[in-house]
């Protein structure tokens, strides 16, 4: 597989996973609470930190392996007496070193993983270096196979890191935030309805209390007027009332 094909495969995988991770069926079952939101943030951040650590280790390993591979190629050039790159390219009919992909679910995010393998019985340039330098050619071949394995591992980690960085803001956390916003809106609407009901009840109580006060004041005023009329009435001289005795 050429470098352009590898890059195209990685790009396609990134595109597919970005759109696949947004599908509702790939969401992780979580209850929309603030605690779940914090837990999802921690899990995604932890996964991103772990991938970053593994990328750093893979890059260090790649540097050492590529250095060994370069020295091995120099040994082949010295042993054979020339560059065998053209001969190898002409002899290779089909790829012996191949890559397959799989998916890993990390906190609801589908991350691609590239796995390298070799096909058996495919050795098109086995006669390369038959005259001289055969051991160096075989050792160089194995060294570069390990180098390609390291590159595949690094490509898998970097692709997973890019996808995780892209979806960390939209997967699950977006769903939880939308649910929390909906709950906040419902709570605000409920509080608004309760407040309006309390205001109506208070207004009705005020009207009723005012009516009672007015009725009581009217009754008191009526009672006071009646008492005043009774106390101010003149005595009846022709009435049956007995006169007080007069003693001389």
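Residue numbers (my numbering): 691 to 938. Think of the CB as a built atom: it goes at the ideal place given N, C-alpha and C, for glycine as much as any other residue.
- Leaving aside the five residues that flank residue 850 on each side, the residues in its chain whose CB is nearer than 6 Å to its CB run, in chain order, 741 and 801.
- Remark: C-beta atoms of residue 834 and residue 759 approach each other more closely than 7 Å.
- When secondary structure is reduced to three states using DSSP, residue 774 falls in the coil class, being assigned neither helix nor strand.
- Bounds of the beta strand (DSSP E) holding residue 791 are 787-796.
- The alpha carbon of residue 803 has as its nearest neighbour, out of 809, 795 and 810, the alpha carbon of 795.
- Counting along the chain, residue 782 sits inside no beta strand (DSSP E), nor does DSSP assign it H or E at all.
- Between residue 787 and residue 838, the CB-CB gap stays under 7 Å.
- Apart from the 5 residues on each side of it in sequence, residue 767 sits with its Cβ closer than 8 Å to the Cβ of 773 and 774 in its chain, given in chain order.
- Rounded to whole angstroms, the separation of the alpha carbons of residue 876 and residue 897 is 32 Å.
- Nearest Cα to residue 750 within the set 915, 825 and 844: 844.
- Annotation: the continuous beta strand (DSSP E) that includes residue 805 extends over 799-808.
- Between the alpha carbons of residue 907 and residue 891 lies a distance of about 24 Å.
- By the neighbour-count criterion, in which a residue is buried when 16 or more other Cβ atoms sit within 10 angstroms of its Cβ, residue 885 is exposed.
- The Cβ atoms of residue 762 and residue 836 lie no closer than 7 Å to each other.
- Apart from sequence neighbours up to five positions away, the residues of its chain that approach residue 840 with a beta-carbon distance below 7 Å are 748, 751, 752 and 755, ordered along the chain.
- Separation of residue 810 and residue 789 (C-alpha to C-alpha, rounded to the nearest whole angstrom) is 14 Å.
- The residue from 764, 744 and 736 with its alpha-carbon nearest to that of residue 831 is 764.
- Each of 915, 769 and 905 was checked against the Cα of residue 826, and the nearest Cα belongs to 769.
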